[in-house]
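Numbering (the UniProt record's numbering), first residue to last: 1 to 100.
Each residue gets a CB set at the ideal place from its N, CA and C atoms; glycine is no exception.
Down below is the structure, laid out as structure tokens.
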Amino acid sequence: MALHIESAQNGDFRIIGELTFNTVSGVDEKGMVLFDMTEGEDLYIDLQEISHTDSAGLVLLIAWVRYASRKNKTLQFLNIPNQMLALAKSYNLDQVFRLR
1 MALHIESAQN
11 GDFRIIGELT
21 FNTVSGVDEK
31 GMVLFDMTEG
41 EDLYIDLQEI
51 SHTDSAGLVL
61 LIAWVRYASR
71 KNKTLQFLNI
81 PNQMLALAKS
91 YNLDQVFRLR
């Protein structure tokens, strides 16, 4: 299954599909471009429609958090899948994610 990120009507974003090693290539830059185009300091990404994830997906989200921080923006994740949260906790990275 393909992966894509899209902008929602309210300025938030959502990720749809599998967030895995096989799908994250290129999505990182697309996300950064969308973040740059978004006005305001607070960015939200809805993860509800992620069907499967692995450690590469986790790395992508961490990279986005760092990128947003360098741009003086905050990035917060909505509806983080249990699988991803378990991965983050197993690496002691759950504090990196801001949940709403």
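query, result
"What's the call for G57, buried or exposed, on a 16-neighbour Cβ count within 10 Å?", "buried"
"With F35 as the anchor, note down where its alpha helix (DSSP H) starts and where it stops.", "27 to 37"
"Can you confirm whether the region 35 to 55 touches the region 67 to 83 when touching is taken to mean that 3 or more C-beta pairs between the two stretches lie within less than 8 angstroms?", "yes"
"Tell me the rounded alpha-carbon separation between A86 and F21.", "17 angstroms"
"CB-CB under 8 angstroms to G17, same chain, minus the five flanking residues each way: which ones, in chain order?", "M1, A2, L3, H4, T23, E49, I50, S51"
"How long is the line joining the alpha carbons of L43 and G31, rounded to whole angstroms?", "11 angstroms"
"Could you pull out every unbroken alpha helix (DSSP H) segment of at least 4 residues lying fully inside the region 61 to 93, listed in chain order?", "82 to 90"
"Tell me L47's beta-bridge partners as DSSP assigns them.", "Bridge partners of L47: none, in fact."
"Can you say whether A88 is buried or exposed, counting buried as having 16 or more other CB atoms within 10 angstroms of its CB?", "buried"
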